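Notes for the one structure printed next.
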Amino acid sequence: MNSLYYQKRLSRNIGDKFFTSLSVICALIAILPLIFLVTYILIKGGSQITPELFTLEPNPPGDDLDAGGINPALIGTLIITTIASIIAIPVGIGGGIYLAEYSKGGAFSRFIRFGVNVLAGVPSIIAGVFIYALIVSTKILFGSMYSGLAGGMALSILMLPTVIKTTDEGLKLVPNELRYASLGVGASMYTTILKVTLPSAFRSIATGVVLGIARAAGETAPLIFTALFSYYYITGFGDLFYEMGSLAVLIYNFALEPYDAQNKLAWAASFILVLSILSVNIFSRILGAFTEKTKRV
Amino acid sequence: MEEKLTLFKNRKRFGIEKNIDIIFKNTALVLSSFVAIILLGIILVVFFQSFESFARYGLKFLVTSEWNPVKDEYGAFTAIYGTLVTSFLSLLITIPLGVGTAIFITEDFVPKVFREIIGSFVELLAAIPSVVLGLWAIFVMEPFFRAFFVFLHNFFGWIPLFSTEPTGRNSLLAILILVVMLLPIVTSIARDSLNQVPKKLRNAAYGIGASRWKTIFSVILPAALSGIMAGVLLALGRAMGETMAVTMIIGNSNAFSWSILSPGYTISSMLANQFGEADGSQVSSLFYAAFVLMILSLVVNIFAQWLVKKFSLKY
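These protein sequence lines map, in sequence, to chains A and B.
Residue numbers for the first sequence follow the numbering used here, beginning at 1 and rising by one.
Residue numbers for the second sequence follow the numbering used here, beginning at 1 and rising by one.
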């Protein structure tokens, strides 16, 4: 008669132990790279941080005594991501509003949702190739080729699917009772959307959009032949139409340089980029957990 | 939703307000169609730009590996082979690791706090920019794995995949960095689909006396399989298009070799490397390569979405 008590030596229990330890090992392997990577960047990059880093131009490679700073790349990243946001956020939120509030699940909205998913899967370098063909090689922007503006447009293509998706999903979570109440007191459709549904979905939309911006700030591939790179300070509005540096392209260019000083600059830029992206991510995670808790009460 | 709209249509309104409403709706409609316009625009622009090269080389472009701007001879076989071999081999490593991690996160082996910490760690890994991973790969991973590659060549050199003497940067390093990049994708999608498996399936299996792993292998994994498959396909699409980390570590050589221990090329790394300085018919050939990459990733993505739609909500 088999005992009903747990028996260690039963083959099924040994097998269970084996697979359990296997999955523990998998999880360990999965988080090890992140721990190694983040600690390495924090130590290696953090040790390069000086006040001059934020104020100086990078010196051209070859001068291996002093690499200078990353000021133009830092400002460039801010500008290029701002351009991308200015294009992608209104278009994305408008599109999301249409999908969530107006469409009735017909062929058009299904096609758009499908297109959003497909566009999200298009390799980022293809977005760069597209903008290159459309704007850089045609010199359509006042006769200039590579420009910060073109870089921002390329990044906006990558942000657009994220913004539409988060708006669509955020609005769908708003209970219909709110809409009925607003329409019931005589508000029109657009006031209902602008004054009632959008504000109540604001936090989830904002979280998604901010994560999308953080993602775009780290994108490199579309920038290497749209915005290219520049060593010089950004001084005015006109610089939008010329080559513009960015942290991501600086890391790429200087990582491949044989000079130690430039490599160090790449590590410092990585430190700043990773730190800001991770803190945005962690912040939004905390915010998300917090809202979930308050909703349940 | 429909009920709400009819309610609204039958109401009497002042002219201006009605017009604003119509304008608002149509603006939203136009903005949402931007997605379709951009997608079609990308396909058409890349196709027409590659036309010159397509007309000259035809399908020969796909199977020859000459890349000579001086003689105007172009063939992308090295890059296509590199794209396929790096993405498939990296997936082969990632799938067991990612699914194993997902099982660990969804089953209650350890207290919930630990599982959530590990889960968010893996997801944070997805937020690290690929160019930073490339930097790390060049300066930390490459020296770390050098001895291992030499060992691999010495013992398995008779396999064509390992037949060349390992050089500094090579395809295998690109495969390894791709594993790091794909792990979060596969893990988070596998976790979502495992979480969606209804509790009663699990309880039924436990009820008839199945052990924990018997339940996982025979009940939970099959039930979640379609979601996991779709996640794997999305990861495959990502792997084929991944550019920066791969470009920085793969060695960028157009000399064809079966071996993954030699420097190689992928389509995206070729684009990243040459687009800035290309001119003449080289540009058209690069667009042709970009077109091939786009078709590959579109097919994989559409197939993934079809899979999700076809098999979701089965339980």
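Even for Gly, the Cβ is constructed at its ideal location relative to N, Cα and C.
Nothing here was measured: the structure is a model prediction, and the numbers come from that model.
- In this model, G245/A and G218/A are separated by some 13 Å (Cα to Cα).
- When the beta-carbon positions are compared, V300/B and L236/B come within less than 8 Å of each other.
- Each residue's CA atom was taken as its position, placing G95/A and R113/A some 10 Å apart.
- Within its own chain, the residues whose Cβ lies closer than 7 Å to the Cβ of L155/A, once the five positions on either side in sequence are excluded, are I80, T81, A84, A216, E219 and P222, listed in chain order.
- Using a Cβ distance threshold of 8 Å, L273/A and A255/A do not count as a contacting pair.
- Contact fails between the stretch 66–76 of chain B and the stretch 150–167 of chain B, because fewer than three Cβ pairs, one in each stretch, are under 8 Å apart.
- Between the C-alpha atoms of T39/A and L278/A there is a straight-line separation of about 13 Å.
- Spanning the alpha carbons of L141/A and A227/A requires a straight line of approximately 13 Å.
- DSSP, read as helix, strand or coil, puts E73/B in strand.
- The beta carbon of T39/A sits no closer than 8 Å to any beta carbon of chain B.
- Exposed is the label assigned to W258/B, since fewer than 16 other Cβ atoms lie within 10 Å of its Cβ.
- Rounded to whole angstroms, E165/B and S262/B show a C-alpha spacing of 7 Å.
- Beta-bridge partners assigned by DSSP to S144/A: L141/A.
- Counting along the chain, P90/A sits inside the alpha helix (DSSP H) bounded by residues N71 to I97.
- Interface annotation, S193/B: not in contact with chain A, CB-CB separation never under 8 Å.
- DSSP, read as helix, strand or coil, puts G251/B in coil.
- Interface flag for G251/B against chain A is unset, since no Cβ pair is found closer than 8 Å.
- For the 8 Å CB-CB criterion, A201/A and L178/A do not form a contact.
- Using a Cβ-Cβ cut-off of 8 Å, D16/A counts as an interface residue toward chain B, since at least one Cβ of chain B sits closer than that to its own.
- Within a 10 Å sphere around the beta-carbon of A127/A sit 16 or more other beta-carbons, which makes this residue buried.
- Residues of chain A whose Cβ lies closer than 7 Å to the Cβ of W213/B are, in chain order, G15, D16 and F19.
- Chain-order list of chain B residues neighbouring Y190/A: I20, D21, F24 and K25, by C-beta distance under 8 Å.
- When DSSP states are grouped into helix, strand and coil, P166/B belongs to the coil group.
- Interface flag for S124/A against chain B is set, since a Cβ pair is found closer than 8 Å.
- In this chain, the alpha helix (DSSP H) harbouring D16/A covers S11 to G46.
- Interface flag for N301/B against chain A is set, since a Cβ pair is found closer than 8 Å.
- From the beta-carbon of I164/A, the residues of chain B found nearer than 7 Å are V35.
- With respect to the 8 Å criterion, A102/B and R191/B are classified as neighbours on the basis of their beta carbons.
- With three or more CB-CB distances shorter than 8 Å, the stretch 303–312 of chain B counts as touching the stretch 220–235 of chain B.
- Residue-level contact by beta carbon fails for S257/B and chain A, as no gap is shorter than 8 Å.
- Listed in chain order, the non-local C-beta contacts of S47/A below 8 Å within the same chain number zero, local neighbours out to five positions each way being set aside.
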